[in-house]
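Per my numbering, residue 210 is the first one in the sequence shown, and the count goes up by one each step.
Note that the Cβ used here is the ideal one computed from N, Cα and C, for glycine as well.
All values derive from a computational prediction rather than experimental measurement.
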Amino acid sequence: RAYHAAVAAGLVWALGATVAAFQPPIFALGKRGLLGVALGETAVNSYSMIDGALNLLVASPSSPEWLMRGYFLLYSAMLLLAPLLWYAGSLLVWVVPLTPAARHDAGYWLQLLYSFNVLEVYLVCMVLSLLQLDAMAQQIAGEMSQGSCEAASQVLEDHFGDLVQPPTCLTLASGLLSAYWLLLAATLVGIPAGLVVARRLEEEEEEELSRRSGGSSAGDTAKERGGVELDAWISSEGGSERLLPATSQRSHSTRALV
């Protein structure tokens, strides 16, 4: 009973924490260097999970609109809807008694939702991408400026090092916010709890199959036993004596009709 309550509490907490972590910003991106000085207070931007979905619609103006809408739908389905539906469905299956047919259907849909749930992959990739973001940004800025940014960085370092920190054209500084850690904790709690539910569904379905196969085997055994007893009775002296008069009577009746 305590184990059952612990799994249910884990799913409830994961569901609520995931919903609460979608709206607040999960990471911040700041522009430093000469561009940061020029932008001032607007040099730092924060983004939430919902912002990430909405920004996909305008992330690449040169791309077809249908393609960006497709990315938006995939992001929303796999990172926002699938985790919530998987937690809610697992909780429902865990606390509500189901018939064997309903349990089978629930297991199928939960497995499908879990296949589309890539939130944990997104959280890991976010950390890896933020670690490489500054290097990528400086490389892109250097290629677009055709060497001018490197020359400006050298001038800034020689003459304006006290005013511009760091003395570069562009430096990106990123950081994870509290909503990210809340979402990570919800994932670390919710996924094991959901897998426990999936394992229980598999065990109950295996027990149901075993029960059905056991019942059919017992029925076949009873039929075989009845057939053996019938053969033994026929082979006995009493059985033969009872069957022979009936057989003779049928023969005489048939001859009379002919």
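Query, Result
"Cβ pair count under 8 angstroms reaching 3, the segment 381–388 against the segment 271–289", "no"
"Reference Ser285, options Leu319, Asp260, Leu220 and Val267, closest by Cα", "Asp260"
"Cβ separation of Leu238 and Leu381, assumed to be a contact under 8 angstroms, to the nearest whole Å", "6 angstroms"
"Nonlocal neighbours in the same chain, by C-beta distance under 6 angstroms from Leu294, ignoring five residues either side", "Leu322"
"Through-space distance from Pro309 to Leu391, alpha-carbon basis", "36 angstroms"
"Status (buried if at least 16 other CB within 10 Å, exposed otherwise) for Asn326", "buried"
"Through-space distance from Gly403 to Leu393, alpha-carbon basis", "15 angstroms"
"Environment of Gly423 [buried if 16+ CB atoms lie within 10 Å]", "exposed"
"Those runs of the alpha helix (DSSP H) which lie wholly inside the segment 238–322 and span at least 4 residues", "243–248, 258–264, 274–284 and 291–304"
"Boundaries (first-last residue) of the alpha helix (DSSP H) holding Val327", "Neither: Val327 is in no alpha helix (DSSP H) and is coded neither H nor E."
"C-beta contact flag for Ala217 and Leu300 at 9 angstroms", "yes"
"Assigned exposure category for Gly316 - 16 Cβ within 10 Å defines buried", "buried"
"Own chain residues within Cβ distance below 6 angstroms of Gly298, not counting five before or after", "Leu319"
"Pro234 and Tyr256 closer than 9 angstroms at C-beta", "yes"
"Assigned exposure category for Ser267 - 16 Cβ within 10 Å defines buried", "The sequence given here places Val at residue 267; Ser does not occur at that position. Exposed."
"Rounded separation between Leu328 and Val405 - CA only", "18 angstroms"
"Helix, strand or coil at Pro234 [DSSP, three-state]", "strand"
"Counted within 10 angstroms of its Cβ, other Cβ atoms place Ala219 as buried (16 or more) or exposed", "It should be pointed out that residue 219 corresponds to Gly in this sequence rather than to Ala. Buried, by the Cβ-count rule."
"Sequence-distant residues of its chain with Cβ nearer than 7 angstroms to Leu342 (five each side left out)", "Leu381 and Ser383"
"Beta-carbon proximity list for Gln232, same chain, < 7 angstroms, skipping 5 on both sides", "Ser257 and Ile259"
"Distance between beta carbons of Tyr296 and Gly399, contact taken as under 8 angstroms", "5 angstroms"
"Pair within 9 angstroms by beta-carbon distance, Ala395 and Ala262", "no"
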